[in-house]
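Residue numbers for the sequence shown, in this note's numbering: 59 to 520. Heads up, the beta-carbon is just placed ideally off N, CA and C, and yes, glycines get one too. Values in this document were obtained by computation on a predicted structure and should not be read as measured data.
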Amino acid sequence: MENIMTDSTWDYKECWEEALHQLQSEISEQEFVMWFKNIEYDESKENQIIVSVPSSFYKDQIIQRYQNKLEGKLFDLFGSKITINYKIRKKNQPIEETKEDTNPVVKKNQQHKREKLHPQLKKEYTFENFVIGENNSFAANAAYAIAKNPGSSYNPCLVYGGVGLGKTHLLQSIGNSVYAEFPKMNILYVPAETFINDFILSIRDKKIYQFKSRYRSVDLLLVDDIHFLQKKTETQEELFHTFNALYDSNKQMVFTCDRPVSELKELTDRLRSRFERGLNVDLQPPNFETRIAIVKKKVDGLRLSIPDDVIELIARNVTTNVRDLEKALTKLIAYADLVNKNITLEIAQRQLSDIFSNPIHKNITIDIIKRVTAEYFGLSYNDLQCKKRTKAIAFPRQLAMYLARELTEYSTTEIGVEFGGRDHTTVMHACQKIENNIKIDPTLEPTIQHLIRTIKDYKVKN
Ligand code: ADP
Ligand code: MG
Numbered sequence: 059m060e061n062i063m064t065d066s067t068w069d070y071k072e073c074w075e076e077a078l079h080q081l082q083s084e085i086s087e088q089e090f091v092m093w094f095k096n097i098e099y100d101e102s103k104e105n106q107i108i109v110s111v112p113s114s115f116y117k118d119q120i121i122q123r124y125q126n127k128l129e130g131k132l133f134d135l136f137g138s139k140i141t142i143n144y145k146i147r148k149k150n151q152p153i154e155e156t157k158e159d160t161n162p163v164v165k166k167n168q169q170h171k172r173e174k175l176h177p178q179l180k181k182e183y184t185f186e187n188f189v190i191g192e193n194n195s196f197a198a199n200a201a202y203a204i205a206k207n208p209g210s211s212y213n214p215c216l217v218y219g220g221v222g223l224g225k226t227h228l229l230q231s232i233g234n235s236v237y238a239e240f241p242k243m244n245i246l247y248v249p250a251e252t253f254i255n256d257f258i259l260s261i262r263d264k265k266i267y268q269f270k271s272r273y274r275s276v277d278l279l280l281v282d283d284i285h286f287l288q289k290k291t292e293t294q295e296e297l298f299h300t301f302n303a304l305y306d307s308n309k310q311m312v313f314t315c316d317r318p319v320s321e322l323k324e325l326t327d328r329l330r331s332r333f334e335r336g337l338n339v340d341l342q343p344p345n346f347e348t349r350i351a352i353v354k355k356k357v358d359g360l361r362l363s364i365p366d367d368v369i370e371l372i373a374r375n376v377t378t379n380v381r382d383l384e385k386a387l388t389k390l391i392a393y394a395d396l397v398n399k400n401i402t403l404e405i406a407q408r409q410l411s412d413i414f415s416n417p418i419h420k421n422i423t424i425d426i427i428k429r430v431t432a433e434y435f436g437l438s439y440n441d442l443q444c445k446k447r448t449k450a451i452a453f454p455r456q457l458a459m460y461l462a463r464e465l466t467e468y469s470t471t472e473i474g475v476e477f478g479g480r481d482h483t484t485v486m487h488a489c490q491k492i493e494n495n496i497k498i499d500p501t502l503e504p505t506i507q508h509l510i511r512t513i514k515d516y517k518v519k520n
């Protein structure tokens, strides 16, 4: 093989491309786009290929998920070991994830390049104000990459996740950043409800032409909460055509949705396939460290001192989403203002006790978790508490235990009792196992989110 190279240069570019090509046929298109659209071959050195990636987050993820596979392929193709090394690309000024999930190390969002603020965007919704944790780093990186190169990478992009997890914030951050850095670009942010209303009014007032030209003349279209389009068949039709027109002229589109598009009902297949065409990324609830970082960031912004133990109290008790974290903080600050007192742990405990005692998951029972999980896996309710250990039963049972631990306040001992009198260490082991599996199996997290949604809906129905 050496003879394909001149003495001084090493060139494994073709091997790299072939290895990628092979990998592409082994994973889903979405997964491939997600991880490899933004990776670029850079150069070859003796026995190594250097590729460039937009951020260290990508690098870590690619190493964890694909390094062995790719190096295996390179070995087969080339006949000796070639190592892949990474370079973080400078030109996109990527977001670097920090170790403790704390501040977003985002370069200053140069808001002031344009004098005025964009009329539809909130000025606080910037990348700078968005705290990055492992729950949202992929979505944040994608959003950032889009803002730096609108229309060229990840088009369209769809960000999905539950209420209060930062969908609108991220979407508008893209808008604010593009507004500041690309003065010529025409940016339109609309909640899906506004799009629907505009469309209906334009028909009523016979101004459909104006409607069409308004939406089709933009360079960046940001549509928030597309789940509201369900059942609105005619509006869907119109958005479908808007989509095609913008897509064909390489205009960037970003959408948000409260669940994966595959779970939207009452959406035409052709529009669904358009949403699914580009990159779909999710936002998860923040973990404890990220919640601490978020509360700290909000407190910093207020120039007000709140003791660390109070911040920890809030982060520990409000686990649902960022909006609820903000609510708790706002309530506390309002109280302290009103009575003109410093906030102490005692005051915080007293003032927030109603918020803490009323988490939204309160009515979720282990019984519901078992029912939903059993049904999902086609098992009987009793399978989840029997002694059988076949894989087909053991895995769903472990998953149900994990969900019970995540969604209820029961201790591992209590959960063990509910699952056929098992020991608490068995429950701990089950939770650990699921957590490990989430890291290696990309399909597990979506399954878990689906189950959680079904469990919550179950609660409402019954
Ligand atoms: P969604 O649109 O998903 O319902 P929002 O974007 O409205 O959620 O976020 C709710 C609130 O939480 C907003 O005030 C937003 O600024 C804040 N928020 C959400 N995620 C973050 C984050 N990662 N860092 C800082 N603030 C956040
Ligand atoms: Mg929103």
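For N143, the enclosing beta strand (DSSP E) covers residues T141 to I146. Counting only heavy atoms of ligand 2, the residues whose C-beta sits closer than 7 angstroms to one of them are, along the chain, K225, T226, D282, D283 and T314. Across the structure, H487 and C315 are spaced so that their CA atoms are roughly 34 angstroms apart. The DSSP-derived three-state label of F188 is coil.
With a 10 Å radius around the Cβ and a threshold of 16 neighbouring Cβ atoms, F346 comes out exposed. Apart from the 5 residues on each side of it in sequence, C444 sits with its Cβ closer than 8 angstroms to the Cβ of I451 and G478 in its chain, given in chain order. With contacts defined as CB atoms closer than 9 angstroms, Q407 and K389 fail to qualify as a contacting pair. T314 has V217 as its beta-bridge partners, per DSSP.
Secondary structure of N379 (DSSP, three-state): coil. At a Cβ-Cβ threshold of 9 angstroms, R328 and L322 do not count as neighbours.
According to the DSSP assignment, N338 belongs to the beta strand (DSSP E) that extends over L337 to L341. Taking a C-beta distance under 9 angstroms as the contact criterion, I142 and Q125 qualify as a contact pair. Judged by DSSP in its simplified three-state form, I254 adopts helix. Counted as a single uninterrupted DSSP element, the beta strand (DSSP E) harbouring V281 occupies residues L278 to D282. Judged by beta-carbon spacing, V217 lies within the 9 angstroms limit of V312, meaning their Cβ atoms are closer than that value. When L403, S363 and K354 are compared, the shortest CA-CA separation from L383 is found for K354. Here E104 has W68 as same chain residues with Cβ atoms under 6 angstroms from its own Cβ, once five neighbours each way along the sequence are excluded.
Measuring C-alpha to C-alpha distances from L371 to each of E87, W93, I413 and K225 identifies I413 as the nearest. E75 has its Cβ no nearer than 8 angstroms to any heavy atom of ligand 1.
L297 sits in a helix when the DSSP states are folded into three classes. The continuous beta strand (DSSP E) containing S102 extends over residues E98 to K103.
Taking the Cβ of R429 as the reference point, every heavy atom of ligand 1 lies at 8 angstroms or farther away. If you draw a 10 Å sphere on the C-beta of P177, you find fewer than 16 other C-beta atoms in it, and that means exposed. DSSP, read as helix, strand or coil, puts L403 in helix. The Cβ atoms of K131 and Q80 lie closer than 9 angstroms to each other. Relative to ligand 1, even the nearest heavy atom lies 8 angstroms or more away from the CB of L329. The Cβ atoms of P500 and P318 do not sit closer than 9 angstroms to each other. Look at P344: its beta carbon is less than 8 angstroms from one of the heavy atoms in ligand 1.
Remark: C-beta atoms of T293 and K270 do not approach each other more closely than 9 angstroms. V248 has V281 as its beta-bridge partners, per DSSP.
Judged by DSSP secondary structure, I108 falls within the beta strand (DSSP E) whose first and last residues are Q106 to V111. Distances taken from the Cβ of I190 to the heavy atoms of ligand 1 include one shorter than 8 angstroms.
Taking a cut-off of 8 angstroms on C-beta distances, the segment 272-280 does not touch the segment 329-344, as fewer than three cross pairs fall below it. In this structure I492 touches Y460 by the C-beta definition: roughly 4 angstroms separates them, less than 8 angstroms. If you check the CB distance, V281 and N244 do not come in under 9 angstroms.
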